[in-house]
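J.:
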Amino acid sequence: EGPLAAAGEALAHLWQSVLAIVVTFGTTLTLWPVIPGLTCLNADPDADATLRSWWFELVIFTFNLCDFLGKSETRSLTWGAKVLSPGGQLICALLRGGIFLPLMLTASAPQVYEPTTARWVSLMAVALLGLSNGWLSTVCFMRGPTVL
1 EGPLAAAGEA
11 LAHLWQSVLA
21 IVVTFGTTLT
31 LWPVIPGLTC
41 LNADPDADAT
51 LRSWWFELVI
61 FTFNLCDFLG
71 KSETRSLTWG
81 AKVLSPGGQL
91 ICALLRGGIF
101 LPLMLTASAP
111 QVYEPTTARW
121 VSLMAVALLG
131 LSNGWLSTVC
141 FMRGPTVL
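Read in order, the letters of the sequence shown are residues 1 to 148 in full-length UniProt numbering.
(1) With 16 other CB atoms within 10 Å as the buried threshold, where does D48 fall?
(2) Roughly how far, in whole angstroms, is the beta-carbon of L77 from the beta-carbon of V139, given that I think they are within contact range, below 8 Å?
(3) Per DSSP, what kind of secondary structure is L11 in: helix, strand or coil?
(4) Can you list, in chain order, the residues of its chain with a C-beta nearer than 8 Å to that of L128? Leave out the 5 residues immediately preceding and following it.
(5) Buried or exposed: where does G8 fall if 16 or more other Cβ atoms within 10 Å of its Cβ makes it buried?
(6) Short check: CB of A81 to CB of M124, under 8 Å?
(7) Let me confirm a value: A93 is counted as buried when at least 16 other C-beta atoms fall within 10 Å, else exposed. Which label applies?
(8) Taking Cβ positions, are A88 and T27 nearer each other than 8 Å?
(9) Just to confirm my understanding: we take P36, look at its own chain, exclude 5 residues before and 5 after, and list those with CB closer than 6 Å. What are they?
(10) Considering only residues of the stretch 38-92, which uninterrupted alpha helix (DSSP H) runs meet the minimum length of 4 residues and lie entirely inside it, listed in chain order?
(11) Compute the beta-carbon to beta-carbon distance between S104 and L29, rounded to the nearest angstrom, for a pair I have assumed lies under 8 Å.
(12) Taking the C-alpha atoms as reference points, what is the distance between P3 and G130?
Quick look at the structure:
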């Protein structure tokens with residue numbers, strides 16, 4: 001039995017967690033940072049010029065801070081690793097994509113929301129996207145070794 005067979009056997013036990021990680025990161029990389037960055041371009045030209053000039057940096061900071069917080073809250077991570085089965089992780093990742101894809105895409109479309117409202121909806125969605133990205137990816141990585 002070679003390393004390839006061992007990897008295949010491990011993947012047979014971990015496929016749901018691996019797919020959950022792929023969906024989690026795929027959702028995040030699809031939506032961030034390009035889509036929220038569009039709200040910078042779609043912002044009201046009469047809006048505060050200072051806020052407008054710093055908006056993209058604020059979006060990036062918000063995502064990174066919330067991603068860090070999602071990866072750092074040990075009580076909720078421990079709870080998630082105990083409670084969520086690999087199938088539960090996959091369901092959470094799919095639900096996350098189903099919620100954030102339409103939310104972020106509509107927030108970046110200027111005809112759906114007023115530009116100022118879209119900017120704040122986008123920022124709140126980025127915060128939740130970062131928090132859920134950090135939390136769910138860490139739970140998947142924590143749970144993986146216990147499945148084997």
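We treat Cβ as the ideally placed atom computed from N, Cα and C, and that holds for glycine. This structure is a prediction, so every number in the text was calculated from the model and none was measured.
T.: Reading from the atomic positions:
(1) Position 48 of the sequence shown, counted from the first residue, corresponds to residue 48. D48 should be labelled exposed.
(2) Along the sequence shown, one-based indexing puts residue 77 at 77. Along the sequence shown, one-based indexing puts residue 139 at 139. Their Cβ separation, rounded to whole angstroms, is 6 Å, which keeps L77 and V139 in contact under 8 Å.
(3) On the sequence shown, residue 11 is found 11 positions in, with the first residue counted as 1. If DSSP states are grouped into helix, strand and coil, L11 belongs with the helices.
(4) Residue mapping note: residue 128 aligns to position 128 of the sequence shown, counting from 1. For L128, where only same-chain residues beyond five positions count, the Cβ hits under 8 Å are C66 and F100.
(5) Position 8 of the sequence shown, counting from 1, holds the residue named residue 8. Around the beta carbon of G8, fewer than 16 other beta carbons sit within 10 angstroms, so the residue counts as exposed.
(6) One-based indexing of the sequence shown puts residue 81 at position 81. One-based indexing of the sequence shown puts residue 124 at position 124. Contact flag unset, no.
(7) As a working note, residue 93 is residue 93 in the sequence shown. Burial call: buried.
(8) Working through the sequence shown from its first residue, we reach residue 88 at position 88. Working through the sequence shown from its first residue, we reach residue 27 at position 27. Note on identity: in this sequence residue 88 is Gly, with Ala being the wrong assignment. Against a cut-off of 8 Å, the Cβ pair of T27 and G88 comes out as no contact.
(9) Here the question's residue 36 lines up with position 36 in the sequence shown. Excluding sequence neighbours, P36 sits near V59, S122 and V126.
(10) 49-72 and 74-83
(11) Position 104 of the sequence shown holds residue 104. Position 29 of the sequence shown holds residue 29. A small fix is needed here, since residue 104 is Met in this sequence, not Ser. Not confirmed; about 12 Å, so no contact.
(12) Sequence index remark: in the sequence shown, residue 3 carries index 3 (1-based). Sequence index remark: in the sequence shown, residue 130 carries index 130 (1-based). Answer to the nearest angstrom: the Cα atoms are 35 Å apart.
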